[in-house]
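Asker: In my numbering, the protein residues as written are -9 to 494.
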Amino acid sequence: NTEASMADEENHPPSSTLDLEVNLPGLFRPEFSVDNRQEADKIAYSSDFSLISCPEEAVYGDEDKDAPITKIRDARPHQDSPLTEDDAASFFHKKGFCLFPQNTKVKRWNEDYLKGMVFGSDITKVYSPELESIIRNYLLPEYHVISVDCPPAVLRRGPSSRNNFYGTGVHQDYGLSLEDYKNNLKAYDFSGQAAKEVQKKFDSDQVCGVMVINFWRPIGGYTKENPLRSKPLAVCDPAFVANGDTVHTALDAKSVGGLKGKQTDQMALKYSPQQQWYYYPNMTDDEVLVFKQFEVWKDDSMDKREALPVRGVFHTAFVDPNTPEGSPPRQSTECRVQVFIGKRKEEDAAEEKWTPPAPLWPKDGSEWGMLALDMGSIGMIFAVVWSECPAIPSYLAFVYSFAIVGMLAGLIKFQYSLGREGNTKRYPCAQSISSILGMTQVALGIWGMTLVFPNVAYLGNPSPDTCEFGPMLAMFIPSVIIAIVAVVVSGYVVHACVAGAKKE
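(1) Determine whether the beta carbon atoms of glycine 302 and lysine 333 lie at a separation below 7 Å.
(2) Buried or exposed: which applies to glutamate 46, given that a residue is buried once 16 or more other Cβ atoms fall within 10 Å of its Cβ?
(3) Whose CA, out of Ile471, Ala30, Glu458, lies closest to the CA of threonine 239?
(4) How would you write the range of the alpha helix (DSSP H) that leucine 361 sits in, first residue to last?
(5) Which residue spans inside the stretch 181 to 255 form an unbroken beta strand (DSSP E) run of at least 3?
(6) With three or more beta-carbon pairs closer than 8 Å as the criterion, would you say the stretch 110 to 117 touches the stretch 226 to 233?
(7) If you drop the 5 nearest sequence neighbours on each side, which residues of the same chain put their C-beta closer than 7 Å to that of aspartate 102?
(8) What number of angstroms, rounded off, separates the C-alpha of asparagine 413 from the C-alpha of tyrosine 406?
(9) Could you compute how far the alpha carbon of glycine 481 sits from the alpha carbon of isoleucine 426?
(10) Should the stretch 121 to 141 be regarded as contacting the stretch 310 to 330, the criterion being three or more beta carbon pairs within less than 8 Å?
(11) Using CA coordinates, which residue listed in Gly234, Arg146, Tyr269 is at the minimum distance from alanine 297?
(12) Kindly indicate the opening and closing residues of the beta strand (DSSP E) around alanine 34.
(13) Cα-Cα, which of Ala486, Phe205, Lys190 is closest to cysteine 198?
(14) Is it right to say tryptophan 358 is buried, meaning 16 or more other beta carbons lie within 10 angstroms of its own, or is it exposed?
(15) Using the DSSP secondary-structure output, state which residues sit across from valine 24 in a beta bridge.
(16) What first and last residue would you give for the alpha helix (DSSP H) that runs through proline 418?
(17) Which residues in the same chain have their Cβ closer than 6 Å to the Cβ of leucine 57, if we skip the five residues on either side of it in sequence?
(18) Could you have a look at methionine 257 and say whether DSSP puts it in helix, strand or coil?
(19) Using 8 Å as the threshold, is the stretch 254 to 269 in touch with the stretch 199 to 219, meaning 3 or more CB pairs across them?
(20) Under the assumption that alanine 177 contacts leucine 249 (Cβ atoms under 8 Å), give the Cβ distance between them as a whole number of angstroms.
(21) What residue from Ala381, Pro141, Val96 has the CA that sits closest to lysine 105's CA?
(22) Could you tell me the distance, in whole angstroms, from the CA atom of proline 91 to the CA atom of tyrosine 171?
(23) Nearest-angstrom Cα distance between glutamate 42 and proline 15?
(24) Suppose the cutoff is 6 Å on Cβ atoms and the five residues either side in sequence are ignored; what does the same chain contact list for cysteine 88 look like?
(25) Below 7 Å between beta carbons: does that hold for tyrosine 35 and leucine 350?
(26) Would you list the one or two residues that DSSP bridges to arginine 147?
(27) In the DSSP assignment, what residue or residues form a beta bridge with histidine 305?
(28) In angstroms with no decimal places, state the Cα-to-Cα distance between glutamate 324 and alanine 464.
(29) If methionine 543 sits next to isoleucine 467, beta carbons under 8 Å apart, how far is it from one beta carbon to the other, in whole angstroms?
(30) Note down the Cα distance separating histidine 68 from glutamate 122, rounded to an integer number of angstroms.
(31) Determine the closest residue to glycine 366 out of Pro380, Glu336, Glu342, Leu398, with distance taken between C-alpha atoms.
(32) Out of Lys244, Gly409, Asp364, Asn174, state which residue places its alpha-carbon closest to the alpha-carbon of tyrosine 164.
(33) Is it buried or exposed for isoleucine 368, if we count other Cβ within 10 angstroms and need 16 for buried?
(34) Could you give the distance in angstroms between the alpha-carbon of arginine 295 and the alpha-carbon of lysine 244?
(35) So, are the CB atoms of valine 374 and proline 454 less than 7 Å apart?
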């Protein structure tokens, strides 16, 4: 990719009238000394983004007379025109970024991660399959993509968003090494499970590497007649960034929505005239800027961070001097997608297209059938409403709780189509709640067995003085089903233990 990018530079199109020369914010001075080892101290920023660990003079200021002027090329002439998916993917392979044509069907750009996890949103239901299709069919079609993890919400910027500021300052969000990436995850996750899950997936025999791809797009109703003009994003070709020019940095996590007392793990950049910067002027809502934020492979030299190649794209918002006066503030969103990549496909397999999952509605016949079975628990309630069972005082509590828990679990499985391939990962919170309800139902079933089995004689001799037939049947059927499930599961566990012992 580096060779392809450099060869492309040697044959790049003539200068565009939209090429710019600007003072990019946040660049470190080239003489600044850095230590890029994993164990070296990071350069820390405070919550107001001022430097803590080194003097402010280490970074060029807006008023510094010696601040370098950086050429930012109009990237559109470098991609074939008119813009197509295949040409964009080819450019992504060369540069690590591209402009991709994509008319999304998202109506509401959800920013609430908890809401997205629990209830789903346009991001989980619409945008996630759209982006997965781009990744599998265009950006990485030659690889076996093991998993695509799209977040349940996006990061919005601009007025009325939760982040009414712009990332003004040259940076790269996830560092160089896998440890850098995991440290960043730990800064936002009090449980530490996200970092552990990344390591577990990376260690899998199927996985060869991991990548984080950013999908950045304007969402302010921008059209060809009225495109984005304010605060565009500049990106740097990683093929022209040396490891020695990167600066290992950290932000106070709490200041950017993370945990108190934690630091993020990022990178800044020292200025070099060799660096090649680009931007896409006049973007519309039907275009998405795709760029790599992180990339590591198992065959990388993991023991030396300072020896790792730079693959993540440095970027920054900047002031376009051509922005018309009075232009409205930029409205944009970004979605950072984690991708675990396997081996390369055979040539014929690479031609197969991945099909996005079907929407949750309409439901198919089997799903309606499963819902009818799950709702069958309501029959238990009807069986006990007008009957008596004085011999088992807690029969009503068991029947009502078992029936209600079963129907709730059935409704969740039906609403989120958890029986479909991939939906358990797409709706993890719904899957978790469904699993908890399922385990609760098993526990209730065990309780039911302690109520029913000692009194099973009442089935053959029902009586209003002891227990009528309806309540006994309502308790007996679910108790027997749970007993069968318990026996099968126990048998499977014993078989697995025996097989494991024999293998050992």
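Glycine is no exception: its CB is placed at the ideal position from the N, C-alpha and C atoms.
Since this is a predicted model, take the numbers as computed values, not measurements.
Answerer: Checking against the coordinates, here is how it stands:
(1) The residue given as residue 302 occupies position 312 in the sequence shown. The residue given as residue 333 occupies position 343 in the sequence shown. No; because the gap between Cβ atoms is not below 7 Å, this pair is not in contact.
(2) Walking along the sequence shown from the start, residue 46 turns up at place 56. Classification of glutamate 46: exposed, given that the 10 Å Cβ count is below 16.
(3) Numbered from its first residue, the sequence shown carries residue 239 at position 249. Checked all of Ile471, Ala30, Glu458; the closest Cα to threonine 239 is Ala30.
(4) Locating residue 361 in the sequence shown gives position 371, counting from the first residue. 355 to 365 is the extent of the alpha helix (DSSP H) around leucine 361.
(5) Segments of the beta strand (DSSP E) lying fully in the stretch 181 to 255: 199 to 208, 223 to 226, 236 to 241.
(6) Touching, no.
(7) As a position in the sequence shown, residue 102 is number 112, starting the count at 1. Cβ within range, chain order: Ala143.
(8) Residue 413 sits at position 423 when you count from the first residue of the sequence shown. Residue 406 sits at position 416 when you count from the first residue of the sequence shown. Spanning the two alpha carbons is a distance of roughly 7 Å.
(9) Counted from its first residue, the sequence shown places residue 481 at position 491. Counted from its first residue, the sequence shown places residue 426 at position 436. Straight-line measurement puts the Cα of isoleucine 426 at about 22 Å from the Cα of glycine 481.
(10) yes
(11) Position 307 of the sequence shown holds residue 297. If we check each option's Cα against that of alanine 297, Gly234 comes out closest.
(12) Taking the first residue of the sequence shown as 1, we reach residue 34 at position 44. Alanine 34 -> beta strand (DSSP E) spans 33 to 35.
(13) Reading the sequence shown from its first residue, position 208 is the one you call residue 198. The shortest C-alpha separation from cysteine 198 is found at Lys190.
(14) In the sequence shown, counting from the first residue as 1, residue 358 sits at position 368. Result: exposed.
(15) Reading the sequence shown from its first residue, position 34 is the one you call residue 24. None; valine 24 has no bridge partner.
(16) Along the sequence shown, read from residue 1 onward, the residue named residue 418 stands at position 428. Taken as a continuous stretch (DSSP letters only), the alpha helix (DSSP H) holding proline 418 covers 418 to 442.
(17) Residue numbering aside, residue 57 sits at position 67 when the sequence shown is read from its first letter. The amino acid occupying residue 57 in the given sequence is alanine; leucine does not appear at that position. The answer, listed in chain order, is Asn13, Tyr50.
(18) If you number the sequence shown from 1, residue 257 lands on position 267. If DSSP states are grouped into helix, strand and coil, methionine 257 belongs with the strands.
(19) no
(20) What you label residue 177 is simply residue 187 of the sequence shown in a count that begins at 1. What you label residue 249 is simply residue 259 of the sequence shown in a count that begins at 1. With 8 Å as the limit, alanine 177 and leucine 249 qualify as a contact, their Cβ atoms being about 6 Å apart.
(21) Here residue 105 refers to the residue found at position 115 of the sequence shown. Considering only alpha carbons, the answer is Pro141.
(22) Reading the sequence shown from its first residue, position 101 is the one you call residue 91. Reading the sequence shown from its first residue, position 181 is the one you call residue 171. Taking the straight line from one Cα to the other gives about 29 Å.
(23) Here residue 42 refers to the residue found at position 52 when the sequence shown is read from its first residue. Here residue 15 refers to the residue found at position 25 when the sequence shown is read from its first residue. According to the sequence provided, residue 42 is isoleucine. The question's glutamate does not apply to it. Those two C-alpha atoms are separated by around 18 Å.
(24) Position 98 of the sequence shown holds residue 88. Result list for cysteine 88: Ala78, Phe81, Phe82, Val280, in chain order.
(25) Working through the sequence shown from its first residue, we reach residue 35 at position 45. Working through the sequence shown from its first residue, we reach residue 350 at position 360. No.
(26) The sequence position of residue 147 within the sequence shown is 157, counting from 1. Paired residue(s): Ser322.
(27) Walking along the sequence shown from the start, residue 305 turns up at place 315. Note: histidine 305 sits in a beta bridge opposite His161, Val225.
(28) What you label residue 324 is simply residue 334 of the sequence shown in a count that begins at 1. What you label residue 464 is simply residue 474 of the sequence shown in a count that begins at 1. Each residue's alpha carbon lies about 53 Å from the other.
(29) Missing from the structure shown is residue 543; the chain here goes from -9 to 494 and no further.
(30) In the sequence shown, residue 68 corresponds to position 78, counting from 1. In the sequence shown, residue 122 corresponds to position 132, counting from 1. Their backbone Cα atoms lie some 25 Å apart in a straight line.
(31) Position 376 of the sequence shown, counted from the first residue, corresponds to residue 366. When each option's Cα is compared against that of glycine 366, the closest is Leu398.
(32) Looking up residue 164 in the sequence shown gives position 174. The residue with the shortest Cα to Cα distance from tyrosine 164 is Asn174.
(33) Reading the sequence shown from its first residue, position 378 is the one you call residue 368. By the Cβ-count criterion, isoleucine 368 is exposed, with fewer than 16 other Cβ atoms from all chains shown falling within 10 Å of its own Cβ.
(34) Position 305 of the sequence shown, counted from the start, is the residue given in the question as residue 295. Position 254 of the sequence shown, counted from the start, is the residue given in the question as residue 244. Each residue's Cα considered, the two are about 26 Å apart.
(35) By one-based count along the sequence shown, residue 374 stands at place 384. By one-based count along the sequence shown, residue 454 stands at place 464. Cβ distance not < 7 Å, so valine 374 and proline 454 don't count as in contact.
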